[in-house]
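To keep things clear, I will list the structure first and then write my remarks on it.
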Amino acid sequence: MNPTQNQAPPSPADDPFNESVQAERAKNITMMNGEKLPQKLHPMVVLQKGERIVAILKRHPIGIISLYFSGFVALAILAALAFFLLPNAAAQYSITDINGLVYGGLGGLLILLVLILGVATVIYWQNQWIVTTDSITQITQTSLFDRQVAQLSMDNLEDVTVDQNGILPHIFNYGSLKVETAGERSKFVFQYCPSPNDYARKILEIHEAFLEERRNIQNRNA
């Protein structure tokens with residue numbers, strides 16, 4: 175008799191790629207920032223047994239606020255130029271409905287600005303890091319149809335640094351969080367990271383715990 179005939183079929187609970195398993199493991203997990211873990215994660219994030227998500231990093235709102243501010247400042251400048259320049263142009267080309275031309279143009283620019291800022295907002299919030307006890311998954315969204323996903327094992331992590339240049343990053347507590355990989359010059363960089371020093375310290379603690387567990391396993395097997 176083939177010994178494999180007596181083996182029970184694998185349970186769905188043993189399959190880490192099963193979506194229901196991932197959702198079950200996500201229940202009641204509280205991350206570092208106090209938020210509950212979302213039920214559905216990126217497909218690259220596959221939690222193994224014993225692995226848990228520590229934090230999901232999303233960008234600080236200051237980055238998108240500055241983009242909104244720049245957009246509306248540009249609109250105000252265009253409106254001022256329109257009110258000063260269009261009357262002369264209308265007189266030169268015998269255009270009588272100057273008010274309709276100005277308000278129609280500004281309305282079109284406002285609609286275009288809202289669409290651009292809406293797309294920029296979606297792209298901005300799609301950039302994130304997912305930090306687990308075993309790895310860091312970096313999701314970089316550069317446009318609506320351009321997304322890059324990279325994963326770094328805690329075993330390959332070499333150093334974590336924080337850049338906070340200027341007054342605003344210190345006032346609003348944001349900056350650039352950088353993770354250097356062992357044997358490579360490339361870095362994982364997360365711009366507009368909220369509380370970057372806290373996250374850097376937590377990642378280093380996870381890295382040390384990961385290495386300690388690896389050493390304990392090696393000692394038991396020696």
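Counted the way our numbering counts, the sequence shown spans residues 175 to 396. For every residue, glycine included, the Cβ atom is placed at its ideal position computed from N, Cα and C.
{"Query": "Enclosing alpha helix (DSSP H) for ALA374 [first to last residue]", "Result": "370 to 395"}
{"Query": "For LEU318, the first and last residue of its enclosing alpha helix (DSSP H)", "Result": "Run containing LEU318: none; DSSP gives neither H nor E here."}
{"Query": "contact_flag[the stretch 289 to 296, the stretch 221 to 233] where n(CB pairs < 8 Å) is 3 or more", "Result": "no"}
{"Query": "Alpha carbon of ARG397 to alpha carbon of GLN315, nearest angstrom", "Result": "Nothing can be reported for residue 397: it is not among the residues displayed for the chain, which extend from 175 to 396."}
{"Query": "Unbroken beta strand (DSSP E) run spanning LEU221, endpoints", "Result": "That residue, LEU221, is in no beta strand (DSSP E); it is neither H nor E in DSSP."}
{"Query": "TYR298 vs GLY237 beta-carbon contact at 8 Å", "Result": "yes"}
{"Query": "Backbone CA spacing between LYS223 and PHE362 [nearest angstrom]", "Result": "26 Å"}
{"Query": "Inter-residue Cα distance where the pair is ALA396 and LEU326", "Result": "27 Å"}
{"Query": "Span of the beta strand (DSSP E), counted from its first residue to its last, around THR306", "Result": "302 to 306"}
{"Query": "Distance, VAL336 Cα to ASN330 Cα", "Result": "19 Å"}
{"Query": "Boundaries of the alpha helix (DSSP H) in which PRO343 is found, first to last residue", "Result": "341 to 346"}
{"Query": "When GLN302, ALA324, MET328 are compared against ASP308, the one with the closest alpha-carbon", "Result": "MET328"}
{"Query": "Proximal residues to GLY349 (C-beta, below 7 Å), its chain only, five neighbours per side dropped", "Result": "VAL336, ASP337, GLN338, PRO343, CYS367, PRO370"}
{"Query": "Reference GLN312; option with closest CA among LYS232, PHE243, LEU289, LEU221", "Result": "LYS232"}
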